[in-house]
Amino acid sequence: MDDGGQAQVNGKNGWYIPNPNGSFEWFDNQALEKRLVDQNKFGKLEKVKNPTKFFLYSKVNPSEGTQITTNRKSVERSYFDANKPTYFLIHGWLNSYKTIFIEKIRNAMLRYEDCNVIVVDWPRARTGFFSAFFAVPGVGKQVATMIDFLHEQFGMSFETLTVVGHSYGGQVCGFTGKNVKTGKIHKIIGLDPAGIVFFYDKPEARLAITDAVYVQVIHTDAGKLGFKEPIGNSDFYVNGGNSQPLCGPEVIGICSHLLSCYYYAEVLELNDFGSIRCDDFEHAKMKNCGSIFSGVRMGARDVQEEVEGIFFVPVRFKYPFGVLNSTDTTNAFTTWSGN
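Numbering-wise (numbering that gives the first Met the number 0), the sequence shown opens with residue 0 and increments by one.
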């Protein structure tokens, strides 16, 4: 209960704000608003520079990234090839470009196709929650600047450009799309984009459907650490969007939040996540979308721009997590009834 005797409802009358040590602190809406104002003022006075870094990986250098900048020679010395598809991969809070699940996605991308993978590292992610929150728009602008540079100087195609981000990184994707000046990102994939202090009715300040030609969102901890509402062309609610089977009981859902990265890596490797089309978000959340599988696979490499809607995604409780159809039930999560 809060000081006024009301139940503490995350995202309604306040938020559970995570701390770097793994604990959570309750802020009611009034206290949160004051903290955001104070932190923003402090950030402007602080003037601490934490430049975003970019590390290029390719088939030639799959495990040791080459740092590139908006300096032509740095790119020329790397293995960047504008004739190949390009992925930008952006980590979330407290993580880095070498976090294990970011590396897992990067490796899966390179196994899937001959491409450029540019992994973004932003140091402010490894600071307090509010400091990282205020860094998100600026990081998005820096990623957009790099995209414009590679397009203008090297002819990188927007048609084969995909930007992928987890948690805060998913929201960075949105600000990247909003700030690109020389074209439009072809595809953004948000991996359980952060939901805390990002609001559905403020699309200008979060990942939105207009930030790329096609925006796909994978929800695994919706309404807790991840964004709850559908905000893409297609939104996939895995196991109803939260409480992933592998994780067991969770109060906030850190494990479920992180699983979006492992699911996406499996998508690239196996393309094995079948889905069931839902009428709306509420039906997806309640796992009440029927039992007829659609022809759409979550995160699929061949998902076309015309695929839109909300989808429920059943999963197994261990790897491989994907369930392709109603008869593919080996090790499937037994509480999903298909009703």
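Heads up, the beta-carbon is just placed ideally off N, CA and C, and yes, glycines get one too.
Margin query: If we define contact as Cβ-Cβ less than 8 Å, is Tyr56 a contact residue for chain C?
Written below: This model lacks chain C altogether, as it is built from one protein chain only.
Which of helix, strand or coil DSSP assigns to Asn339: Residue 339 lies beyond the range of the chain shown here (0 to 338); nothing can be said about it.
* **Contacting residues, own chain, Cβ-Cβ under 6 Å from Phe54 (five flanking each side not counted)** => To locate residue 54, count along the sequence shown from 1; it is residue 55. Result list for Phe54: Gly64, Gln66, Tyr96, Val118, in chain order.
Contact defined as beta carbons within less than 8 Å: I believe Tyr236 pairs with Lys284. What is the distance between those atoms, to the nearest angstrom?
As a first step, residue 236 is located in the sequence shown; it is residue number 237 there, counting from the start. As a first step, residue 284 is located in the sequence shown; it is residue number 285 there, counting from the start. Confirmed, Cβ separation roughly 6 Å.
Query raised in the report: From Cys114 to Gly289, what does the alpha carbon distance come to, in whole angstroms?
Result: Numbered from its first residue, the sequence shown carries residue 114 at position 115. Numbered from its first residue, the sequence shown carries residue 289 at position 290. Going by the C-alpha atoms only, they are around 38 Å apart.
Could you tell me the boundaries of the alpha helix (DSSP H) in which Thr165 lies?
As a first step, residue 165 must be located in the sequence shown, where it is residue number 166. One detail in the question is off: residue 165 reads as His in this sequence, not Thr. Counting along the chain, His165 falls outside any alpha helix (DSSP H), though it belongs to the beta strand (DSSP E) covering 160-165.
Is the beta carbon of Thr219 closer than 8 Å to that of His165? Within the sequence shown, residue 165 is the residue found at index 166, counting from 1. Within the sequence shown, residue 219 is the residue found at index 220, counting from 1. Not closer than 8 Å, so no.
#### Entry: Gly13 versus Gly239 - alpha carbon distance
Here residue 13 refers to the residue found at position 14 when the sequence shown is read from its first residue. Here residue 239 refers to the residue found at position 240 when the sequence shown is read from its first residue. Taking the straight line joining both Cα atoms gives about 23 Å.
- [ ] Would you give the residue range spanned by the beta strand (DSSP E) that Asp27 belongs to?
- [x] Position 28 of the sequence shown, counting from 1, holds the residue named residue 27. Run containing Asp27: 23-27, per the beta strand (DSSP E) assignment.
- Which value, in whole angstroms, describes the spacing of the CA atoms of Asn82 and Met155? Taking the sequence shown and counting its residues from 1, the one referred to as residue 82 is at position 83. Taking the sequence shown and counting its residues from 1, the one referred to as residue 155 is at position 156. Each residue's Cα considered, the two are about 7 Å apart.
Report the three-state DSSP secondary structure of Val36 (helix, strand or coil). Taking the sequence shown and counting its residues from 1, the one referred to as residue 36 is at position 37. Note: Val36 maps to helix in three-state DSSP.
- Considering only the beta carbon of each residue, do Leu206 and Cys172 sit closer than 8 Å? Numbered from 1 along the sequence shown, position 207 holds the residue referred to as residue 206. Numbered from 1 along the sequence shown, position 173 holds the residue referred to as residue 172. Result yes, Cβ atoms of Leu206 and Cys172 sit closer than 8 Å.
- Secondary structure at Phe148, three-state DSSP: helix, strand or coil? For the purposes of this step, residue 148 is identified with residue 149 of the sequence shown, where counting begins at 1. Phe148: helix per DSSP, three-state reduction.
request  = Have a look at the DSSP bridge pairing and note the partners of Ile347.
outcome  = The chain is shown only over 0 to 338; residue 347 falls outside these bounds and no answer can be derived.
### Query
Based on Cα-Cα distance, which residue from Val59, Gly127, Ile101, Tyr111 lies nearest to Asp120?
In the sequence shown, residue 120 corresponds to position 121, counting from 1. Ranking Val59, Gly127, Ile101, Tyr111 by Cα distance to Asp120 puts Ile101 first.
Starting from Val214, follow its DSSP beta bridges and name the residues at the other end.
Here residue 214 corresponds to residue number 215 of the sequence shown, with the count starting at 1. Listed as beta-bridge partners of Val214 by DSSP are Ile187.
Using only the alpha-carbon positions, how far apart do Tyr318 and Thr326 sit?
Along the sequence shown, one-based indexing puts residue 318 at 319. Along the sequence shown, one-based indexing puts residue 326 at 327. The straight-line gap from Cα to Cα measures roughly 17 Å.
Reference Ile146; option with closest CA among Gly137, Phe157, Ser62: To locate residue 146, count along the sequence shown from 1; it is residue 147. If we check each option's Cα against that of Ile146, Phe157 comes out closest.
- Gln29 burial status per 10 Å Cβ neighbour count (16 or more: buried): Counting from 1 along the sequence shown, the entry for residue 29 is found at position 30. Exposed, because fewer than 16 other Cβ atoms sit within 10 Å of the Cβ of Gln29.
Run through DSSP, which three-state label would Gln69 get? Here residue 69 refers to the residue found at position 70 when the sequence shown is read from its first residue. Correcting the residue identity first, residue 69 is Thr in this sequence and not Gln. Note: Thr69 maps to coil in three-state DSSP.
Notebook entry, point to check: What three-state label does DSSP hand Trp335 in the structure shown?
Noted result: To locate residue 335, count along the sequence shown from 1; it is residue 336. Legend: pLDDT at Trp335 = 45, less than 50; position of this residue unreliable, value from coordinates given subsequently. Coil at Trp335, not helix or strand.
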